[in-house]
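Asker: When the letters of the sequence shown are read in order and numbered with this note's numbering, they come out as residues 677 to 1224. Think of the CB as a built atom: it goes at the ideal place given N, C-alpha and C, for glycine as much as any other residue.
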Amino acid sequence: PAMNTYVVTTAPPSPDADPHLGRLAGPFLGADVLTRHLRQRGHHVRYVGYCDEYSTRVASRAAEAGVTPHVLARVVGDRTGDTLALGAMRPDWFTRPLTDAAHAHWVRRFFLALWEAGALEVRELPVFRCAPCDRHLHEAEVRGNCRHCAAPVDGATCGSCGLPQGPGVLAAPRCAACGTEPGTVLRRRIAFPLERYRERLVAHHDGTRDEAGRRGRARAFLDRLLAAGLPLVPVSTVADHGVPVPLPEWEGHVLDTGFSGIWGLVAATERLAEAYGEKDGALPLWSDPATRIVSFTGVDQLFAHVALWPALLLAEGTLGLPARVVVGEDVRPRDAESAAAWNGDFLRRTNADALRFHLCLTAAEQSEKDPSPADFSLGEYADTVATVLAGGLETWTDTVLDLLAQDFHRAVPAAAPAGPMTAERRELTRRTADALGVGAHAPARAAEALAAAVERALIDVHRLRVLRDAGQEGEYATGLAAHVELLAAFTIAAAPLMPGWSAFLAGELGLAVDRETRLPLWADEDERLVPAGTVLPEAVPVYFHEQA
Ligand SMILES: [Zn+2]
Ligand SMILES: [Zn+2]
């Protein structure tokens, strides 16, 4: 099969609040699972992200907390990085723009290129202004309701429907500090006329259907946006905190991070290339038509990923557009008990592989018609660990190793694998490959296939015991060999979802593991994984602990 080069990107997490697992789980877990699966299949992948530290939200929240934007951004960014690392979903490069000059450098560079190409306009645009507070209100400083769906909004785009509000437009606006309804004043701003790109955006999204020909949520969102009207997007704002507009007559103005984000991803790609000793590697990668760019986002950043950033890339003209935008759910806790467990520190108290598996298993499948958000329940999580992992996968593993130790001196039987588990193994490999590929990318389906394999393996273990007790040695030996193969195939297929457990069991089974990625190498559905005569351990240490 042809090996491709991928750039996988994730939307930046909240830069102004401690990481919430739900906000990270959607885009970051999805991007990580895809990255691992593609690497397992031999593709070349660069997985990048950045922290939105220049956001005006950081400045507003810092002012509320009585600290400087740098202090707030550092604390939140560090905690976010820790949480991503604990969840084994940290990008290969995760830029911290306030301490990494490359970010601002690339933002300025692309801004100037667009400015000189005439892609940006200078307009008088309304800005909220609070009279009692005597100040202009930036995105998080004015609260109100979405003018499209009426949900509460505290920024330039609606977190519920994802649609932008437009400059100085919000239903029932009020000042976050004093509660007064703000007025608007006209200010000179640099803006990006999105409407110019209507036809090309439609053409681009029409060309990016998934393998099943489904249009997906990104395209459905674009339709709603086209109906609502493509807005004029402000690119500059008057603020102290941000990347200054690099033009002499715009002193005191900074670039909006909604505009900067896409260039931040290019900057992160460049920093990663430099880390590999490939300076100036980002532009060739982003401009090569053979590179496949796959972007992961939550609903709150759909507008940037589906419309603004692709249009900015079209305006820039040399870089490629994402071949696929995957919309991860913003997972919400179901009840108070689950909410209490739902901050980033939960990963310090639980097994990251177990949580990743559960989040994949319960993620709502991407659907245009039913965008019901996934929710997290602590009780359901404990149930997944008890039935599928500790009580399922580990019980099965223990039983297989125990039978080998009792009857075959721990060596895989010489007889060729046979019986129902050989078909199960082929099916599992096929189903996970389909579910985790870039065309479908449905980790929920992979998790379901894995859970189903465990369930059927446990049932088949009873059949093995019956054969053993009945003295049917031949069928027992071939059946047990098939279980070893299925367990090995499971270890390989589950690696993107449960990388820690997979590396652990691959070591115990003696499977080939890639030195750099620690992922067991992908094997086709008929490949023998654990040869006859391989001596396996009598038992393996407990990996999953049941949740109290
Ligand atoms: Zn809305
Ligand atoms: Zn006010």
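(1) In its own chain, which residues sit with a C-beta less than 8 angstroms from the C-beta of ARG712, not counting the 5 before and 5 after it?
(2) Can you confirm whether the region 1201-1212 touches the region 1098-1105 when touching is taken to mean that 3 or more C-beta pairs between the two stretches lie within less than 8 angstroms?
(3) How is VAL1088 classed by DSSP in three states: helix, strand or coil?
(4) How far does the beta strand (DSSP E) with VAL803 in it extend, from its first residue to its last?
(5) Secondary structure at VAL982, three-state DSSP: helix, strand or coil?
(6) Take LEU710 as the anchor and find which of ASP1110, PRO773, ARG805 and ALA958 has the nearest alpha-carbon.
(7) For CYS854, is the classification buried or exposed, using 16 other Cβ atoms within 10 angstroms of its Cβ as the cut-off for buried?
(8) Tell me the rounded alpha-carbon separation between VAL1216 and VAL1064.
(9) At what residues does the alpha helix (DSSP H) containing LEU931 begin and finish?
(10) TYR723 bridges to which residues according to DSSP?
(11) How is the alpha helix (DSSP H) around THR711 delimited, first residue to last?
(12) Under three-state DSSP, which class holds HIS1221?
(13) Are there any heavy atoms of ligand 2 lying less than 7 angstroms away from the beta-carbon of THR860, as far as the coordinates show?
(14) What do you get for GLN841, buried or exposed, if any count of 16 or more other CB atoms within 10 angstroms of its CB means buried?
(15) Buried or exposed for LEU788, going by 16 or more other Cβ atoms inside 10 Å?
(16) Let me confirm a value: ILE1168 is counted as buried when at least 16 other C-beta atoms fall within 10 Å, else exposed. Which label applies?
(17) Any idea if TYR952 is buried or exposed, counting beta-carbon neighbours within 10 angstroms, 16 or more meaning buried?
(18) Using a 10 Å radius around the Cβ and a threshold of 16 neighbouring Cβ atoms, would you call GLU817 buried or exposed?
(19) According to DSSP, simplified to helix, strand and coil, what is ARG1132?
(20) My guess is that SER836 and ALA847 are in contact by the Cβ rule of under 8 angstroms, so how many angstroms apart are they, rounded?
(21) Exposed or buried, which one is MET679 when buried takes at least 16 other CB atoms within 10 Å?
(22) Counting along the chain, where does the beta strand (DSSP E) carrying SER912 start and finish?
(23) Measuring from the CB of ALA853, is there a heavy atom of ligand 2 at a distance below 7 angstroms?
(24) Three-state secondary structure (DSSP) at THR994?
(25) Do the region 1178-1194 and the region 1083-1099 touch if we need at least three Cβ pairs shorter than 8 angstroms?
(26) Kindly indicate which residue of PHE897, LEU906 and PRO745 has the alpha-carbon position closest to the one of THR973.
(27) Look up CYS851 in the DSSP assignment and say whether it is helix, strand or coil.
(28) Can the beta-carbon of GLU1005 be found closer than 8 angstroms to that of ALA1039?
(29) Using only alpha-carbon positions, find the residue among GLY996, HIS1159, LEU870 and ALA1094 that is nearest to ALA1311.
(30) Please return the same chain residues whose Cβ sits closer than 8 angstroms to the Cβ of HIS720, not counting the five positions on each side in sequence.
(31) Closer than 8 angstroms is the cut-off here; do at least three beta carbon pairs connect the region 860-874 with the region 903-915?
(32) Quick check: what's the CA-CA separation for GLY940 versus VAL919?
(33) Per DSSP, HIS812 is paired with what?
(34) When DSSP labels each residue in this structure, what does GLU1044 get in the three-state scheme?
Answerer: A quick look at the data gives this:
(1) ALA1171, PRO1172, PRO1175, THR1193 and LEU1195.
(2) Enough Cβ pairs lie closer than 8 angstroms, so yes.
(3) Note: VAL1088 maps to coil in three-state DSSP.
(4) From DSSP, the beta strand (DSSP E) with VAL803 extends over 797-806.
(5) Note: VAL982 maps to helix in three-state DSSP.
(6) Measuring from the Cα of LEU710, the nearest candidate turns out to be ASP1110.
(7) Exposed.
(8) The alpha-carbon atoms of VAL1216 and VAL1064 are separated by roughly 17 angstroms.
(9) That residue, LEU931, is in no alpha helix (DSSP H); its beta strand (DSSP E) goes 929-931.
(10) The partner list for TYR723 (beta bridge, DSSP) reads VAL684.
(11) From DSSP, the alpha helix (DSSP H) with THR711 extends over 706-716.
(12) Coil, per DSSP.
(13) No - ligand 2 has no heavy atom lying nearer than 7 angstroms to the Cβ of THR860.
(14) Here GLN841 is buried. Its C-beta has 16 or more other C-beta atoms within 10 Å.
(15) When all chains shown are included, LEU788 counts as exposed.
(16) In summary, ILE1168 is buried, with 16 or more beta-carbon neighbours lying within 10 Å of its beta-carbon over all protein chains present.
(17) Result: exposed.
(18) Burial check for GLU817: the Cβ neighbour count within 10 Å reaches 16 or more, so the residue is buried.
(19) The three-state reading of DSSP puts ARG1132 in helix, counting H, G and I together.
(20) Between SER836 and ALA847 the beta-carbon gap is near 13 angstroms, outside 8 angstroms, which marks them as no contact.
(21) Under this definition MET679 is an exposed residue.
(22) Secondary structure note for SER912: its beta strand (DSSP E) is the uninterrupted segment 912-914.
(23) Yes, since a heavy atom of ligand 2 falls inside the 7 angstroms radius drawn around the Cβ of ALA853.
(24) Coil.
(25) Contact between the region 1178-1194 and the region 1083-1099 is absent, because fewer than three Cβ pairs lie under 8 angstroms.
(26) Of PHE897, LEU906 and PRO745, the residue nearest in Cα terms is PHE897.
(27) Taken through DSSP and simplified to helix, strand or coil, CYS851 comes out as strand.
(28) In this structure, GLU1005 lies near ALA1039, with their beta-carbon atoms less than 8 angstroms apart.
(29) Absent from the model: residue 1311. The displayed extent of the chain is 677 to 1224, so no value can be given.
(30) These residues qualify, in order along the chain: MET679, ASN680, THR681 and TYR682.
(31) Verdict: yes, contact present.
(32) Per the coordinates, the alpha-carbon of GLY940 lies some 12 angstroms from the alpha-carbon of VAL919.
(33) Answer is ARG805, bridged to HIS812.
(34) Residue placement at GLU1044 is poorly supported in this model, since its pLDDT is 45, which falls under 50; the coordinates still yield a value, given next. Coil.
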